[in-house]
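Before any comments, here is the structure.
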Amino acid sequence: MIDMSADGSAPAPAKNSLHAADERTRRRNAAEKRFRAYGVAAIVTGLLALVFLVYAILSNGLPAFQRTVVNIEFTMTQEQFDEAESALLKTRVYTDFFIGALTDSLETRGLDAEFDGGTVERLLGKVGGTLRSHYRENPGDIGQAISFELPASSRVDRYFKGTFTRESVGEGNRFMQPGDLDLVDALAEAGVIIQTFNWQFITGVDTGVDNPGGAGIGASVLGSFMMMIVVLVLSLPIGVAASIYLEEFAPKNWFTDLIEVNISNLAAVPSIVFGILGLAVFIQFMHLPQSAPLVGGLVLTLMTLPTIIISTRASLKSVPPSIRDAALAVGASKMQSVFHHVLPLAMPGILTGTIIGLAQALGETAPLLLIGMVGFVARYPETFLEGFEGPNSAMPAQIYNWASRSDAVFTEKAWGGIIILLIFLLSMNIIAILLRRKFERRW
Amino acid sequence: MPVFWLVIIVLALAAAGYLLGRSRALQSAGGDSRNLHSQPNYYGSHVIMWVTVPAFGLMIVWLLAQPLLIDGRIAAQLPDTAVSEDTTLGLVMSDVRRVADGLDRAVGQGAMTEEQAGSVATELADLREQLAEVGVALGSNVSSDVLNAAQRYRDFKATGSLLMGIVVIALAIAGLILALLRTTNEFRARNVVERGVLTILMFAASIAILTTIGILLSLVFNTIEFFRLYSAWDFFFGLEWAPSFSGRGGASSLGVLPLLWGTFYISLIALLVSVPIGLFAAIYLSEYATPRVRAIAKPLLEVLAGIPTIVYGLFALLTVGPMLVSVFGQNTVGWMSGGTAVMTAGLVMGVMLIPFVSSLSDDIINAVPQAMRDGSYGLGATQSETIRQVILPAALPGIVGAILLAASRAIGETMIVVLGAGAAARLSLNPFEAMTTVTAKIVSQLTGDSDFASPEALVAFALGTTLFVLTLGLNVLALYIVRKYREQYE
């Protein structure tokens, strides 16, 4: 900075040595350091948010993959079976047999504990019914020692996971009495109550509020999978065809401009607006079945198309013109040069973009809420076609559904569902990156 | 005839046509493909096009038109008594469809024979239970008018799909014969096929236009319908949002202003979080960071953009909300009463938008020519002075565009606010209070068993239109600014 004084005289020369920083230099250097620190702080804040998010997901979600089971060997003789089946309260008799077997197995281990049917029901749910249906379906098991793995109630489960403590047991709580946890401790020590991997969470279906522990995400994974099939089958050919037209054939006129403007606008339309479109056009107007993965897939196709078109055009553009010229020079038609040469060379890039578009569609929730994919779906579809037309949920919608229920066990399921969803997304993205690494070509 | 089988039949015809066309062409050339105008495959493809395109085109049109025609005829035949005072024609028609659907399903599962379904009128009482058994829940008992209409509906539908099957297959066969007749060795099959393919490509590209038209139509028609039932003045300038849940009628106040306020407030907080962090991160990454740091930090930040919004929603509801309550809740300063609040949703949305702001700004900062930096350094400016006084002013239009795009994202974001912001619509300045947004109300008004003719459900379309216009305006403005800026240095 030069100080131009009014009379135009030359400014006084600086007297300071360059070796000793003067006040202003120090200030400027401090400002420089501060500015840099802001940048570092911004990045660290962003990364901390990511770390915190991942920590929250893992710490809350991992327990959903474990469940507490009571592992007990149980023998039912033919006489006992007949006695139970002729009794008036059949499941009650089964429960009594079970209590006897449990007491015996505790005694042989040198543990002495008092409990009655009420305790068993609070800890294990309706054991009698489970046993009865097992023996009625498998009469051959009568008289033999069968090892049962019975899921413990959600409060016992949470007791082992540390979210339910002795203090939370109030007097007169009908789900858990203060003495019950003593029995639980004794059983855990005897190795009767153990923690196992919760396969049912992965393969099972949604359950009602009376059995939150048994809820699984399997059916909605299937629903998501069916939707992704629809999205892939529709959006890949349509997206590629549209990109080829726009990139290779489209003349420069108002129609092409209109298409271009539409594509870039659709890419930025909020996803919920696509949900409104799906509701009004596919369900209200065309009367397609509500809650069906088919409709979900159609809506997500329209949503993913702009993404796929944009990335496909980029990879078509990266194929050098010399390839096209060479094909034309040996007598290929324009169409042949595109389909025989340009498209195969652009395919890895197209696939990468498609997978990333699919991953985006897989995590989308809002449009699915509007077309009714949040219903309670407690069974797998029976046939392949029903998988498309029948009502089903999807992973993100199921997670939303669980999150809006009040029971803490469902909350844990929601976090667990997120882990599964993220595993799918992560593997899709890794496949895309590997594809790009393997086939990427620099011209 | 199920559509699935119809598709299979047409595809089988197409496959046969391909082989026939190919061999016929070769035959007419005396078995030597050099005498053909085009490669033999093109003659096959030519037949495929003639078989599939008209047949599938007609099928799609038919499938779209048939429900409309049937609905119209059934509605015209319904006696006036069927539409009583407390229902509308639309509701009765949806009942008719549901009963018809239920009868279909009952027949499909073997619970009823075809004749029973056609003559079930006498046993009205247990129809509802029979249908409930096969999984079709009916709200009320079926009146005989509705049942008759449903049976006629099934008849029409059966006739319609039978006719469609016959016509589509006839058209496919006609196409096959026509194409085969045209196949000679002189026929320019490649040119015809290529022209056809080009038309298909063009049609695929115009799906983008069709989608936009679909969005506009579905928004506009339902919005007009809504404004017929509810005054536009009250919607746009009403200060109260209180839909009545009792069903039709009732006094609902559907003012959009509290929702817009909630939307803007949450977006504002989100931008206050994401713009400084994103902008400084972009500046650091593009101007200061070593290539190594950049290669690690940039993808990690972008992971935040790839996480689905439902995850952020859950994060807001179950982690951030309770955390904020423990800091600002009743036990400490007492500003916050529940976990769902403007602040909760705003903070989480801010985190979501960080990579969005940072990568857009990064591109724009990188587009500023190096000569401008060098000139500034040459005058003795420090790096931060160069950034603040040269690069940022030069990149400002682009950065403003990026912020506008981020704002449009924030306004359209749904899952975070549905889970994190609460459900109460209010006009308040306290950021620790629960408020709600346009998107959250679209979801809540359209999920559940609302009937689409009531103003409480139709208001969602008016909200959707508001949202669409807002975000579209922001996007167009942002793209205009960004494009205008980019041209400056090219």
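Protein sequences, first through last, are from chains R and G.
If you want the numbering used here, it's the 1-based position in the first sequence plus 775.
If you want the numbering used here, it's the 1-based position in the second sequence plus 67.
C-beta: ideal position from N, C-alpha, C; glycine also.
- Less than 9 Å separates the beta-carbon of residue 839 (chain R) from that of residue 973 (chain R).
- Counting only runs of 4+ residues, the alpha helix (DSSP H) found wholly inside the segment 461-506 of chain G occupies 482-487, in chain order.
- Residue 160 (chain G) does not reach chain R, its nearest Cβ partner there being about 10 Å away, counting only Cβ pairs nearer than 9 Å.
- For residue 804 (chain R), no beta strand (DSSP E) run applies; the uninterrupted alpha helix (DSSP H) run containing it begins and ends at 798-836, by DSSP.
- For residue 443 (chain G), the enclosing alpha helix (DSSP H) has its first and last residue at 437-445.
- Contact of residue 809 (chain R) with chain G is assigned, a C-beta pair being separated by under 9 Å.
- Below the 9 Å Cβ cutoff, chain G contributes no neighbours of residue 977 (chain R), its closest Cβ being approximately 19 Å away.
- Residue-level contact check: residue 1116 (chain R) does not touch chain G, since none of the beta carbons of chain G fall below 9 Å from its beta carbon.
- Rounded to whole angstroms, residue 540 (chain G) and residue 1049 (chain R) show a C-alpha spacing of 17 Å.
- Listed along chain R are 1034, each with a C-beta nearer than 7 Å to that of residue 273 (chain G).
- Of R:817, R:1212, R:792, the smallest CA-CA separation from residue 340 (chain G) is found for R:817.
- No Cβ-Cβ contact shorter than 9 Å links residue 1046 (chain R) with residue 1003 (chain R).
- For a cut-off of 8 Å, the C-beta gap from residue 469 (chain G) to residue 427 (chain G) is around 4 Å, short enough to register as a contact.
- Note: residue 920 (chain R) is bridge-paired with R:850 in the DSSP secondary-structure output.
- Closer than 9 Å to the CB of residue 376 (chain G) there is at least one CB belonging to chain R.
- Per DSSP, reduced to three states, the secondary structure at residue 397 (chain G) is coil, with no helix or strand assignment.
- Around the CB of residue 1066 (chain R), 16 or more other CB atoms lie within 10 Å, so the residue is classed as buried.
- Residue-level contact check: residue 1190 (chain R) touches chain G, since one or more beta carbons of chain G fall below 9 Å from its beta carbon.
- A distance of 9 Å or more separates the beta carbons of residue 843 (chain R) and residue 917 (chain R).
- The beta-carbon distance between residue 870 (chain R) and residue 900 (chain R), rounded to whole angstroms, is 11 Å. This is too long to meet the 8 Å contact definition.
- Residue 972 (chain R) sits in a strand when the DSSP states are folded into three classes.
- A contact between stretches requires three or more CB pairs, one per stretch, nearer than 8 Å, and the segment 330-348 of chain G meets this requirement with the segment 401-416 of chain G.
- Sequence-distant Cβ neighbours of residue 792 (chain R) in its own chain, meaning closer than 7 Å and more than five residues away, do not exist here.
- In the three-state DSSP reduction, residue 69 (chain G) falls in the coil class, being neither helix nor strand.
- In the DSSP assignment, residue 843 (chain R) forms a beta bridge with R:970.
- Per the Cβ contact rule, the segment 113-120 of chain G is in contact with the segment 236-245 of chain G (3 or more Cβ pairs under 8 Å).
- Shown here for residue 1136 (chain R): same chain residues with a beta carbon closer than 6 Å to its own, the five before and five after excluded, namely 1006, 1075, 1079 in chain order.
- Proximity of residue 163 (chain G) to chain R, defined by a Cβ-Cβ separation below 9 Å, is not satisfied.
- DSSP, read as helix, strand or coil, puts residue 1166 (chain R) in coil.
- Beta-bridge partners of residue 309 (chain G) (DSSP): G:320.
- The continuous alpha helix (DSSP H) containing residue 132 (chain G) extends over residues 107-144.
- Contact between the segment 492-503 of chain G and the segment 369-387 of chain G is absent, with fewer than three C-beta pairs closer than 8 Å.
- Membership of residue 1198 (chain R) in the alpha helix (DSSP H) is indicated by the continuous run 1183-1214.
- With respect to the 9 Å criterion, residue 964 (chain R) and residue 1064 (chain R) are not classified as neighbours on the basis of their beta carbons.
- Secondary structure within the segment 976-1032 of chain R: not one fully enclosed beta strand (DSSP E) run of 3 or more consecutive residues is present.
- Taking every protein chain shown into account, the CB of residue 1105 (chain R) has fewer than 16 other CB atoms within 10 angstroms, so this residue is exposed.
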